[in-house]
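Visitor: Sharing a structure below in structure tokens format, with a few things to ask.
Protein chains: 2
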Amino acid sequence: MTGAFIAIDWGTTNRRIYLIVQGRVVRSERDDTGALAMAGAGYHEAIAAIRAEYGDLPVLMAGMVGSSLGWSDAGYVGLPAAIPELAGGLHRIDPRTAIVPGLCIDNRDRTDVMRGEEVQLLGAVAKGLVPRDAWLCQPGTHCKWAEVSDGRITNFITAMSGELFALLRQSGVLAHHLTGPVADNDAFAHGVAEGAGRDLAASLFSVRSLGVLGKLPDGDASSYASGILIGSDVACRLRKIGAAPVHILADAELGGLYRRAVLMLGGKATLVDSHAAFVAGITAIWDMSQ
Amino acid sequence: MTGAFIAIDWGTTNRRIYLIVQGRVVRSERDDTGALAMAGAGYHEAIAAIRAEYGDLPVLMAGMVGSSLGWSDAGYVGLPAAIPELAGGLHRIDPRTAIVPGLCIDNRDRTDVMRGEEVQLLGAVAKGLVPRDAWLCQPGTHCKWAEVSDGRITNFITAMSGELFALLRQSGVLAHHLTGPVADNDAFAHGVAEGAGRDLAASLFSVRSLGVLGKLPDGDASSYASGILIGSDVACRLRKIGAAPVHILADAELGGLYRRAVLMLGGKATLVDSHAAFVAGITAIWDMSQ
């Protein structure tokens, strides 16, 4: 573990800053100055302010900061990919400031992209939090499912389940039903069973019909709708994954919902510390790029 | 065909007023004073204004005007249902002003509701625009698929495909890709094939990845995304419908897109004049209620 550096997990809506010394986090902070809030400007000043606060150290970033909507397009690396490919593909703003590239699949029959999640996924592998041959799941706005073979990401797929949920809560016919919190309860399990039919646009309308017919209290509607979206996502993925264990990188709440759905639909699942995985991943990239 | 009356197809966002004399439309007008714009008030005054304009005649309404968000809740009739059940279940505001009830499925394992579409569906049957045993499809914000047996609706299912498309265009990560019009072109067909995999939340993300990787011009993205949503809806339905013909009630544009998807995915489809179907349905209900 070489020296000290500042790592920034700079996403669309949030960023988390880490001061990492000899592979250990000695300070960390999260705020809502995501790439959207930056609106494409002021990155040099923001980095200067962070260095003034954390020390005049090299900075290594990952996430939407490296997209066309962020600071500077860090490009994508193809599959299979592991830490060496990310370290070898760093996008350097200047000799002491760099952004980790994303990953892409760009075949004739299928495309997909990720940006930011690759550090966490490969960090979990590097730190031994998951086996070197495994399926990983990273729930969120855009849920990523990645296949790791011999320690390298060989395949992945993105389902925008979290974003669909957010859009449905925001406006439209279901919005006024979906004001409550999501809980791992009977309504969630009912939603998972409904979603497993892989008829998402019809299943979602049942939130409305059950509500109108007085069979789903609004307090349960968010859990039921979340169950539909997660159940549909998991059912699609288990067709490929089968009974191999799914390693879920997420906080306990969202990770727990995905775990429940995987178990309900006949799969196996374990939770992994996603925070530790990011730190391991960005440190491994840093070490290899020195 | 008994006398003259005013029919109003009063939906969520629009209303269409018809003056029907001896079963023939002698005047018709459409505006955007839907139930949302009414905000639950001023219905008595609105009807008085229509009578001042069209004549002091009985008024028969259908659609969201009869929901809890409209003028007055007209309730739901269970299945199987045909014109007599709707005519027998009219919700009377006063002796000369009534609202057609909706239809519902309220079983232990499945619920669904419709309000407004039933008039058009059963009007198509009453006028002989479709066979008395048929599958009908009514695309729109909430696409309705109804099974008609011996002239009665015995089953239906709602897919909120149109609403999902509207939400995705409104905000979120796909919105800035989806600014163009939808056309029945190669991008639409590509979307239908993708959507047929019934993995909707993942297929929709391909709008983003194809765009980011420069393989889908923004001008084609709306057609591709619409193809995914319609293809997914049609693929789910054809599992039940098989090779029986689907009778599509819609304008030529949206109806044509559904027809293309049904044909692409191995089904049969014909287009039906939805405007004539509504007039036939509301007139049949009117006649039977006299």
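In order, the protein sequences belong to chains A and B. So in the numbering used here, spot 4 of the first sequence is number 4, and the numbers just go up one at a time. So in the numbering used here, spot 281 of the second sequence is number 571, and the numbers just go up one at a time. Every residue, glycine too, gets a C-beta built ideally from N, C-alpha and C. Treat the numbers as computed from the prediction; the structure is a model and nothing was measured.
1. When the Cα atoms are used, what is the spatial distance from B/ALA567 to A/ASN185?
2. Since B/THR448 meets chain A, which of its residues come closer than 7 angstroms, beta carbon to beta carbon?
3. B/GLY571: which of B/GLY353, B/CYS394, B/ASP399, B/LEU561 sits nearest, CA to CA?
4. Between A/PRO139 and A/ALA250, which are expected to be in contact by the criterion C-beta below 8 angstroms, what is the C-beta distance as a whole number of angstroms?
5. For A/ALA202 and B/THR448, which I take to be in contact (beta-carbon distance under 8 angstroms), what is that distance rounded to the nearest angstrom?
6. Nearest to B/LEU555 by CA position, among B/TRP576, B/ALA534, B/ALA525, B/ASP563, is which residue?
7. Cα separation between B/VAL403 and B/GLU375?
8. Distance cutoff 7 angstroms, beta carbons only. Does A/CYS236 sit that close to anything in chain B?
9. Identify, in the order they occur along the chain, each residue of the same chain with its Cβ nearer than 8 angstroms to the Cβ of B/LEU544, setting aside the five sequence neighbours on each side.
10. Using Cβ-Cβ distances below 7 angstroms, what residues of the segment 138-166 of chain A are close to chain B?
11. Tell me which residue opens and which closes the alpha helix (DSSP H) that A/ARG237 is part of.
12. Taking a cut of 9 angstroms between CB atoms, which residues from the segment 458-469 of chain B lie near chain A?
13. Check whether the segment 529-536 of chain B and the segment 495-507 of chain B touch, using three or more Cβ-Cβ pairs below 8 angstroms as the test.
14. Compute the Euclidean distance between the alpha carbons of B/ILE383 and A/ASN14, then round it to the nearest angstrom.
15. For a contact defined as C-beta to C-beta under 8 angstroms, what are the partners of A/VAL113 on chain B?
16. Who pairs with B/MET328 in a beta bridge, going by DSSP?
17. Identify whether B/SER318 lies in helix, strand or coil by the three-state DSSP scheme.
18. Excluding sequence positions up to five away, which residues of its chain have a Cβ less than 6 angstroms from the Cβ of B/ALA436?
19. For A/LEU229, return the contacting residues in chain B, with the cut-off set at a CB-CB distance below 9 angstroms.
20. Hey, how far is the Cα of B/ASP510 from the Cα of B/GLY470?
21. Relative to the alpha-carbon of B/SER358, which residue among B/ARG549, B/ALA331, B/LEU494 has its alpha-carbon at the smallest distance?
22. For A/HIS176, does the count of other Cβ atoms within 10 angstroms reach 16, so buried, or fall short, so exposed?
23. Which chain A residues are close to B/SER512, counting only those with a beta carbon under 9 angstroms from its beta carbon?
24. Who does A/ASN292 pair with in a DSSP beta bridge?
25. What would DSSP say about A/TRP135, mapped onto helix, strand or coil?
26. Tell me the rounded alpha-carbon separation between B/ALA542 and B/LEU561.
27. Assuming the contact rule is C-beta atoms closer than 8 angstroms, A/ALA4 and A/ILE20 should be a hit. Round their C-beta distance to whole Å, please.
28. Could you work out which residue in B/SER439, B/VAL409, B/ALA414 is closest to B/ASP423 when comparing CA atoms only?
29. Anything in chain A within Cβ reach of B/ASP523, meaning under 9 angstroms, just list it in chain order.
30. Would B/ASP396 count as contacting chain A if we go by Cβ distances under 7 angstroms?
31. Would you tell me roughly how many angstroms separate the C-alpha atoms of A/GLY34 and A/GLY11, rounded to the nearest one?
32. Run through the segment 59-91 of chain A for me and flag every whole beta strand (DSSP E) of 3 or more residues, listed as ranges in chain order.
33. Go ahead and pull the three-state DSSP assignment for A/VAL125.
34. Span of the alpha helix (DSSP H) holding B/VAL482?
35. DSSP on A/ARG208, reduced to helix/strand/coil?
Guide: According to the structure shown:
1. The residue you call residue 567 of chain B lines up with position 277 of the second sequence. The residue you call residue 185 of chain A lines up with position 185 of the first sequence. Answer to the nearest angstrom: the Cα atoms are 44 angstroms apart.
2. As a working mapping, residue 448 of chain B is identified with position 158 in the second sequence. Per Cβ cutoff of 7 angstroms: ALA202, PHE205.
3. Taking the second sequence and counting its residues from 1, one reaches residue 571 of chain B at position 281. The candidate whose alpha carbon is nearest that of B/GLY571 is B/GLY353.
4. Mapped onto the first sequence, residue 139 of chain A falls at position 139. Mapped onto the first sequence, residue 250 of chain A falls at position 250. The beta carbons of A/PRO139 and A/ALA250 sit about 5 angstroms from each other, so the pair counts as a contact at 8 angstroms.
5. As a working mapping, residue 202 of chain A is identified with position 202 in the first sequence. As a working mapping, residue 448 of chain B is identified with position 158 in the second sequence. Distance from A/ALA202 to B/THR448 at the Cβ level is roughly 6 angstroms; contact confirmed, criterion being Cβ atoms closer than 8 angstroms.
6. Residue mapping note: residue 555 of chain B aligns to position 265 of the second sequence, counting from 1. Answer by Cα proximity: B/ALA525.
7. Sequence index remark: in the second sequence, residue 403 of chain B carries index 113 (1-based). Sequence index remark: in the second sequence, residue 375 of chain B carries index 85 (1-based). B/VAL403 and B/GLU375: Cα-Cα distance of roughly 16 angstroms.
8. Here the question's residue 236 of chain A lines up with position 236 in the first sequence. True, the Cβ-Cβ gap to chain B drops below 7 angstroms.
9. Residue mapping note: residue 544 of chain B aligns to position 254 of the second sequence, counting from 1. Only PRO429, GLY430 meet the Cβ criterion.
10. Residues of the segment 138-166 of chain A with a C-beta atom less than 7 angstroms from some C-beta of chain B are HIS142, ILE157, THR158, ALA159, MET160, SER161, GLU163, LEU164, listed in chain order.
11. Here residue 237 of chain A refers to the residue found at position 237 when the first sequence is read from its first residue. Segment 218-241, the alpha helix (DSSP H) holding A/ARG237.
12. The residues in question are LEU458, GLN460, SER461, GLY462, VAL463, LEU464.
13. Taking 8 angstroms as the limit for Cβ pairs, the verdict is that the segment 495-507 of chain B does not touch the segment 529-536 of chain B.
14. To locate residue 383 of chain B, count along the second sequence from 1; it is residue 93. To locate residue 14 of chain A, count along the first sequence from 1; it is residue 14. Roughly 53 angstroms between the two C-alpha positions.
15. On the first sequence, residue 113 of chain A is found 113 positions in, with the first residue counted as 1. Here the neighbours are ARG498, SER499, VAL502, LEU503.
16. Position 38 of the second sequence, counting from 1, holds the residue named residue 328 of chain B. Beta-bridge pairing links B/MET328 to no other residue.
17. As a first step, residue 318 of chain B is located in the second sequence; it is residue number 28 there, counting from the start. Residue state, collapsed to three classes: strand.
18. Numbered from 1 along the second sequence, position 146 holds the residue referred to as residue 436 of chain B. Excluding sequence positions up to five before and after B/ALA436, its CB lies within less than 6 angstroms of the CB of LEU411, LEU426, ILE443, PHE446, all in the same chain and listed in chain order.
19. As a first step, residue 229 of chain A must be located in the first sequence, where it is residue number 229. Ordered by position in chain B, the residues that pass the 9 angstroms Cβ test against A/LEU229 are ALA491.
20. The sequence position of residue 510 of chain B within the second sequence is 220, counting from 1. The sequence position of residue 470 of chain B within the second sequence is 180, counting from 1. One C-alpha to the other measures close to 7 angstroms.
21. Stepping through the second sequence from its first residue, residue 358 of chain B is reached at position 68. It is B/ALA331 whose Cα lies nearest to the Cα of B/SER358.
22. Here residue 176 of chain A refers to the residue found at position 176 of the first sequence. With fewer than 16 Cβ atoms within 10 Å of its Cβ, A/HIS176 is classed as exposed.
23. Taking the second sequence and counting its residues from 1, the one referred to as residue 512 of chain B is at position 222. Chain A residues near B/SER512: none, gap ~16 angstroms exceeds 9 angstroms.
24. In the structure as shown, chain A begins at 1 and stops at 290. Residue 292 of chain A is therefore absent and cannot be evaluated.
25. The residue labelled residue 135 of chain A in the question sits at position 135 within the first sequence. Looking at A/TRP135 - three-state DSSP - the assignment turns out to be strand.
26. The residue you call residue 542 of chain B lines up with position 252 of the second sequence. The residue you call residue 561 of chain B lines up with position 271 of the second sequence. Taking the CA atoms as reference points, B/ALA542 sits about 8 angstroms from B/LEU561.
27. What you label residue 4 of chain A is simply residue 4 of the first sequence in a count that begins at 1. What you label residue 20 of chain A is simply residue 20 of the first sequence in a count that begins at 1. Contact flag correct, Cβ pair sits at about 7 angstroms.
28. On the second sequence, residue 423 of chain B is found 133 positions in, with the first residue counted as 1. Looking at the Cα atoms, B/SER439 is the closest of the given residues.
29. Position 233 of the second sequence, counting from 1, holds the residue named residue 523 of chain B. At a beta-carbon threshold of 9 angstroms, the residues of chain A lying near B/ASP523 are ASP199, ALA201, ALA202, ordered along the chain.
30. In the second sequence, counting from the first residue as 1, residue 396 of chain B sits at position 106. Contact with chain A is found for B/ASP396, since one of that chain's Cβ atoms lies less than 7 angstroms from the residue's Cβ.
31. The residue you call residue 34 of chain A lines up with position 34 of the first sequence. The residue you call residue 11 of chain A lines up with position 11 of the first sequence. In this structure, the CA atom of A/GLY34 is about 5 angstroms from the CA atom of A/GLY11.
32. Within the segment 59-91 of chain A, the complete beta strand (DSSP E) runs of at least 3 residues are 59-62.
33. One-based indexing of the first sequence puts residue 125 of chain A at position 125. Of the three classes helix, strand and coil, the one that applies to A/VAL125 here is helix, per DSSP.
34. Translated into positions along the second sequence, residue 482 of chain B becomes position 192. According to the DSSP assignment, B/VAL482 belongs to the alpha helix (DSSP H) that extends over 476-485.
35. Looking up residue 208 of chain A in the first sequence gives position 208. A/ARG208: helix per DSSP, three-state reduction.
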